[in-house]
Amino acid sequence: VVTSRPLLSRDRYSALENESELLVTMRLENLSDEQKRIVAYARLGAAGIEAYDNLLSRLRTSQNVSDQGTQQGEETSNDGAEDVFGNPMMLSMLLCYLQTMGRRSEELEADEEKAEESEETT
-1 VVTSRPLLSR DRYSALENES ELLVTMRLEN LSDEQKRIVA YARLGAAGIE AYDNLLSRLR
59 TSQNVSDQGT QQGEETSNDG AEDVFGNPMM LSMLLCYLQT MGRRSEELEA DEEKAEESEE
119 TT
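Going left to right, the sequence shown walks through residues -1 to 120 as this note's numbering numbers them.
Here you go:
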């Protein structure tokens, strides 16, 4: 079993609790920005990496605005927020979303081109 969640919680009993000597526990580190970009480029290609970069830029900008509000005495729910997309599973979900949006955009462009061609012929 591979999971990023702790095996045991304080409130619950685990069937594996008594077998802890048979378990290897690892702590995985988040992916670095460079590693995330390499994975994104491999999945999205040159055309999709721009959408990835734009989204991360918007997220960072919104987090900076949120941080500035905190410095001015406002409360925020992002205290101790971590890099969500440093988790490979979350990064994969983001890339799937961007792939889907890229395909939709391509389909819309193709439909528009067909519509323009049909208007030109009539």
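We put the CB at the ideal spot given by N, CA and C, even for glycine.
Inter-residue CB distance, residue i and residue j (contact presumed, cutoff 8 Å)
i	j	result
A38	L93	6 Å
Y50	L20	About 40 Å separates the two Cβ atoms, so there is no contact after all.
K34	G100	Their Cβ separation, rounded to whole angstroms, is 17 Å, which puts K34 and G100 out of contact at 8 Å.
Range covered by the alpha helix (DSSP H) that runs through residue i
i	result
G84	Note, G84: premise wrong, no alpha helix (DSSP H); not H, not E.
Chain-order list of residues whose beta-carbon lies under 8 Å from that of residue i (same chain, five-residue window excluded)
i	result
N52	none
Proximal residues to residue i (C-beta, below 7 Å), its chain only, five neighbours per side dropped
i	result
L89	L29, K34, V37 and F83
D81	N28
Minimum length 3: unbroken beta strand (DSSP E) runs contained in the region 18 to 57: Counting whole runs of 3 or more residues, the region 18 to 57 contains no beta strand (DSSP E) stretch at all.
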